[in-house]
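Residue numbers (my numbering): 39 to 283.
For every residue, glycine included, the Cβ atom is placed at its ideal position computed from N, Cα and C.
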Amino acid sequence: MPVKGKKKAQARGSQGRRRPAEAPRPVVAPRRPPAWYRTGPGRAVLAIVALALVGGIFAAIASTQDDSGAQGRADALDRYTGEVRGVLQSLRPAASDMTTAPTSVGEQETRKALRERATSWTETIEGANTNLSRVLSPSSAQSAHSLFLQSAQIYLAAGKTYALAAQIEGDDADRVLARAAEQRDQGGQLWQSATVLLDEQRAEVGLGVSGLTPPSLPPAQPQDGTGAGSGQGDGSGAGAGSGGG
C-alpha cells in the first residue's frame, strides 16, 4: 500500500522533457572591400600624385629662380652697356676727327696743325681709356669688354703715331701717317667686334642691340624708341677712309 504523504513518481516520456535553449547564432556582416587608398594600386596612385606635386613645386621654384637670374643678367648687361656708351661719347670726337687726318705733312703749317690735333686726340683718348678700364663688366660681357679695352688702346696708339708723324718730314712722315691710319682703322674694327659680342649676349636675355658703333663712325640712331640703334651696319671699318684730308 502506498505510503501516505508521498506522491508516486510519474514517468515522463521523451517528448515531455525540455530541450536546452540553443546558443544564438552569430550574425556575420558582409565583408566590405577596403578603401581604394588602402589597396596596392591605390597606394601607387597616391605615390604618383605626391611625386607630381613635389615635382611641380620644385619646377615652379626653379622657374622663378631662372626668371630672376635672367632678369638679373639683363639688368647687368644694360648697366654695362650704358657705362660703355658714356665712354664712347667721350671717345668719339677724337676718333672721328682722326678720319680727317692728312695723308701727307710736307708743309710746315700742316705738320704744326697735325701736332696740335694729335696732342688733343691723345689727351682725350687717354681719359676715355682710363674711364673704360674702371667699368666693371658682367661675366657674360668679359670677352666684349676685353675687345673694347684693346680698341681704346689702339686708338690711343694711333693718336701718338699721328703726333710722331708731325715731328718728322719727307717720305718717312708719310709712312708714319699711313701706319697711324691703319691703327685707327684697326681700333674701329676691334670695337665693332666687341659690339657684336655684346649684342649677342643682350639678345640672349631679350635686350635689343646696343648701338655702340665704332668711335670713328657717327652714333647710331635709336629705333622705335628703344634707345639702341641698329648701328652695326658698315661699322666694320673703323674709319671713313684710310686718311682724310
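Grab the span of the alpha helix (DSSP H) containing A171 for me, first residue to last.
Note that residue 171 is Ser in the sequence shown, not Ala. Run containing S171: 146-171, per the alpha helix (DSSP H) assignment.
Given that a residue counts as buried once 16 or more other Cβ atoms are within 10 Å of its Cβ, and exposed if not, what is P140?
With 16 or more Cβ atoms within 10 Å of its Cβ, P140 is classed as buried.
Cβ-based neighbour list, Y193, same chain, cut-off 6 Å, excluding 5 preceding and 5 following
Around Y193: A133, I163, G225.
To the nearest whole angstrom, what separates the beta carbons of L185 and L228, a pair I think is in contact under 8 Å?
L228 and L185 do touch by the CB rule: their CB atoms are close to 5 Å apart, below 8 Å.
Could you give the first and the last residue of the continuous alpha helix (DSSP H) run that contains E207?
No alpha helix (DSSP H) contains E207, which DSSP labels as neither H nor E.
Does the Cβ of L174 have 16 or more other Cβ atoms within 10 Å, making it buried, or fewer, making it exposed?
Answer is exposed; the Cβ neighbour count stays below 16.
Contact belief for N298 with Q191 at Cβ below 8 Å, rounded distance in angstroms
Residue 298 lies beyond the range of the chain shown here (39 to 283); nothing can be said about it.
Does the beta-carbon of Q127 have 16 or more other beta-carbons within 10 angstroms, so that it is buried, or is it exposed?
Result: exposed.
According to the neighbour-count rule (16 or more other Cβ atoms, all chains shown, within 10 Å of its Cβ), is Q221 buried or exposed?
Within 10 angstroms of the beta-carbon of Q221 lie 16 or more other beta-carbons, which makes it buried.
Can you look up L245 in the DSSP assignment and give me helix, strand or coil?
The DSSP-derived three-state label of L245 is coil.
Give, in chain order, every unbroken run of the alpha helix (DSSP H) that is at least 4 residues long and sits entirely within the segment 178-239.
Counting whole runs of 4 or more residues, the segment 178-239 contains the alpha helix (DSSP H) stretches 180-203.
Could you compute how far the alpha carbon of S231 sits from the alpha carbon of V122?
Here the C-alpha atom of S231 lies approximately 14 Å from the C-alpha atom of V122.
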